[in-house]
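Q:
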Amino acid sequence: MQVNIAAFSNGSNAVYCSLQQLAPLQAVFAAHGVQTRCGDCLLEDPATPGCTGSAQARAKALNTLFADANIDAILDISGGDAANGMLSYLDYAAIKRQPKPLFGYSDMTCVLNAVYAKCGIETYLYQVRHLTGEFAQAQQARFFSFISGRSNALLAFSHRFYSAQKAMQGVLVGGNLRCFLKLAGTPYFPDCRGKILFLEAYSGDLNRLEAYLHQLAQMGVFRQCSGVLLGTCTQADREYGRENVVQLVSRFANGVSFAATRQVGHGQDSRCVVIGRFYRLEARKGY
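See the structure below:
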């Protein structure tokens, strides 16, 4: 198996990427018998400060990776703000013909959902840098068991229902709340009818989260979806308490099934959720 490591959102400078991210990550993959390749979009391009290339160049690189039969999966290790610039330049017809796993999180939420919306293929909301993080041993065990087909533990997460309805089912869409909303008003926003809407956040206090939630409500998303699944909201959970964040989101999810999990989000212990996959969640013992 060969995977490609890339950064399609904000770029990293050479020292940070090679010494703190890339070398240890490549060593982990090598130890598990997986070859790694680094594409053109990994380090910051001086011609496009803050990014690994222009929007067109990054889209071309991703198109090339999907077309490359020698690459089995594409692993994005970035985050930030720049990913949505690529969307107008991706070759969705070619991606649909040659699908392969695309992993990313945070700002890559917009790309993962756009690829699902335009191509109908599953994408993976997960940051592979967690393989060298605080919970490296557990993350490596889950990740490599998953990509080898031995276990789906990477996708397993506990959850708690806060609604009267104690079950939800549907294809999952969403991801990082701020970055998901970049798709609003574009042809890349997924059809949310009958879907499970997953939401998480890294930055943002309660006021900012409420503003984002109002926008989704004004778009009719909460009326359309079959359920809402809330992941972690790192800043708001820390500053205001988890229960206050849950209560905020529950007001917008009124009328549909609503559940929350502490095991998916920006935390280094985060599991993976699959954009475009059918889920059925039922009430179980909380965490």
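Residue numbers for the sequence shown follow full-length UniProt numbering, so the first one is 1 and each next one is one higher. Ideal Cβ positions, reconstructed from N, Cα and C, are used throughout, including at glycine.
(1) If you compare alpha carbons, which of S158, S226, R193, Q235 is closest to R271?
(2) What does a CB cutoff of less than 6 angstroms around A82 pick up in its chain, not counting 5 residues either side in sequence?
(3) If you scan the region 75-156 from start to end, which runs of the alpha helix (DSSP H) of 4 or more residues do you find wholly inside it?
(4) Taking the C-alpha atoms as reference points, what is the distance between C225 and R150?
(5) Is it buried or exposed, E44, if we count other Cβ atoms within 10 angstroms and call 16 or more buried?
(6) Which word fits N152, buried or exposed, when buried means at least 16 other C-beta atoms lie within 10 angstroms of its C-beta?
(7) Is it right to say R262 is buried, meaning 16 or more other beta carbons lie within 10 angstroms of its own, or is it exposed?
(8) Measure how close the beta-carbons of V274 and L183 come, nearest whole angstrom, since I'm counting them as under 8 angstroms.
(9) Does the beta-carbon of H130 have 16 or more other beta-carbons within 10 angstroms, so that it is buried, or is it exposed?
(10) DSSP state of R193, grouped into three classes?
(11) So if DSSP puts M168 in a beta bridge, which residue, or which two residues, is it bridged to?
(12) Please state whether DSSP places Q2 in a helix, a strand or coil.
(13) Should G170 and I196 be called a contact, given that it needs their Cβ atoms to be closer than 9 angstroms?
(14) What residue from E210, P24, G39, G79 has the CA that sits closest to F66's CA?
(15) In angstroms, rounded to a whole number, what distance separates the CA positions of T48 and R58?
(16) Quick one: grab the DSSP three-state call for G42.
(17) So what does DSSP say about N70, is it helix, strand or coil?
(18) Would you be able to state if there are at least three C-beta pairs under 8 angstroms between the region 186-196 and the region 137-148?
(19) What is the DSSP secondary structure of D237, counted as helix, strand or coil?
(20) Let me know if S257 comes out buried or exposed under the rule of 16 or more other beta-carbons within 10 Å of its beta-carbon.
(21) Keeping to the same chain, check which residues put their C-beta closer than 8 angstroms to that of R142; ignore five residues upstream and five downstream.
(22) Please check the pair G276 and Y89, which I expect to be a contact at CB under 8 angstroms, by giving their CB distance rounded to whole angstroms.
(23) Go ahead and pull the three-state DSSP assignment for N10.
(24) Is the distance from the Cβ of A42 to the Cβ of A6 below 9 angstroms?
(25) Going by DSSP, what residue range makes up the alpha helix (DSSP H) through S250?
(26) Since S257 sits in a beta bridge, which residues does DSSP pair it with?
(27) Since Q268 sits in a beta bridge, which residues does DSSP pair it with?
(28) Tell me which residue opens and which closes the alpha helix (DSSP H) that V34 is part of.
(29) Pull up the distance between the alpha-carbon of L281 and that of A167, whole angstroms please.
(30) Within 10 angstroms of the Cβ of residue 294, are there 16 or more other Cβ atoms? Answer buried if so, exposed if not.
(31) Would you kindly work out how many angstroms separate the C-alpha atoms of Q2 and S78, rounded to a whole number?
A: The short version:
(1) Translated into the one-based positions of the sequence shown, residue 271 becomes position 271. With distances taken between Cα atoms, R271 lies closest to S158.
(2) For this step, residue 82 is matched to residue 82 along the sequence shown. Correct list, in chain order: S9, N10, C51.
(3) 92-97, 109-119, 136-147
(4) As a working note, residue 225 is residue 225 in the sequence shown. As a working note, residue 150 is residue 150 in the sequence shown. About 32 angstroms.
(5) Mapped onto the sequence shown, residue 44 falls at position 44. When all chains shown are included, E44 counts as buried.
(6) Position 152 of the sequence shown, counting from 1, holds the residue named residue 152. N152 should be labelled exposed.
(7) Here residue 262 refers to the residue found at position 262 of the sequence shown. With 16 or more other Cβ atoms within 10 Å, it is buried.
(8) Counted from its first residue, the sequence shown places residue 274 at position 274. Counted from its first residue, the sequence shown places residue 183 at position 183. With 8 angstroms as the limit, V274 and L183 do not qualify as a contact, their Cβ atoms being about 18 angstroms apart.
(9) Residue numbering aside, residue 130 sits at position 130 when the sequence shown is read from its first letter. So H130 counts as buried.
(10) As a position in the sequence shown, residue 193 is number 193, starting the count at 1. Coil, per DSSP.
(11) Counted from its first residue, the sequence shown places residue 168 at position 168. Looking at the DSSP assignment, M168 forms a beta bridge with L281.
(12) Locating residue 2 in the sequence shown gives position 2, where the first residue counts as 1. The answer is strand: DSSP assigns Q2 an E or B state.
(13) Within the sequence shown, residue 170 is the residue found at index 170, counting from 1. Within the sequence shown, residue 196 is the residue found at index 196, counting from 1. Yes, these two residues count as a Cβ contact at 9 angstroms.
(14) Start at 1 with the first residue of the sequence shown, and residue 66 comes out as number 66. Of the residues E210, P24, G39, G79, the one whose Cα lies closest to the Cα of F66 is G39.
(15) The residue you call residue 48 lines up with position 48 of the sequence shown. The residue you call residue 58 lines up with position 58 of the sequence shown. Distance between the alpha carbons of T48 and R58 is about 11 angstroms.
(16) Position 42 of the sequence shown holds residue 42. Gly is not the amino acid found at residue 42; the sequence shown has Leu there. The answer is coil: DSSP assigns L42 none of H, G, I, E or B.
(17) Indexing the sequence shown from 1 puts residue 70 at position 70. Three-state DSSP puts N70 in coil, outside helix and strand.
(18) no
(19) Residue numbering aside, residue 237 sits at position 237 when the sequence shown is read from its first letter. Here D237 sits in helix by DSSP.
(20) Here residue 257 refers to the residue found at position 257 of the sequence shown. The residue is buried, with at least 16 neighbouring Cβ atoms inside 10 Å.
(21) Within the sequence shown, residue 142 is the residue found at index 142, counting from 1. Within the same chain, R142 has close Cβ partners S151, A153, L154, R271.
(22) One-based indexing of the sequence shown puts residue 276 at position 276. One-based indexing of the sequence shown puts residue 89 at position 89. So it is not a contact: roughly 21 angstroms between Cβ atoms.
(23) Within the sequence shown, numbered from 1, the residue matching residue 10 stands at position 10. In the structure shown, N10 sits in a strand (DSSP, three-state: E or B).
(24) Along the sequence shown, read from residue 1 onward, the residue named residue 42 stands at position 42. Along the sequence shown, read from residue 1 onward, the residue named residue 6 stands at position 6. The question names Ala, but residue 42 in the sequence shown is Leu. Between L42 and A6, the C-beta spacing is below 9 angstroms.
(25) For the purposes of this step, residue 250 is taken as residue 250 along the sequence shown, with counting starting at 1. Looking at the DSSP string, the run of the alpha helix (DSSP H) that includes S250 is 242-252.
(26) Position 257 of the sequence shown, counted from the start, is the residue given in the question as residue 257. By DSSP's assignment, S257 forms a beta bridge with G227.
(27) What you label residue 268 is simply residue 268 of the sequence shown in a count that begins at 1. The partner list for Q268 (beta bridge, DSSP) is empty, contrary to what the question assumes.
(28) As a first step, residue 34 is located in the sequence shown; it is residue number 34 there, counting from the start. Note, V34: premise wrong, no alpha helix (DSSP H); not H, not E.
(29) Position 281 of the sequence shown, counting from 1, holds the residue named residue 281. Position 167 of the sequence shown, counting from 1, holds the residue named residue 167. Approximately 5 angstroms between the Cα atoms of the pair.
(30) Nothing in the structure corresponds to residue 294, since the chain is present only between 1 and 287.
(31) Stepping through the sequence shown from its first residue, residue 2 is reached at position 2. Stepping through the sequence shown from its first residue, residue 78 is reached at position 78. In a straight line, the C-alpha of Q2 is about 19 angstroms away from that of S78.
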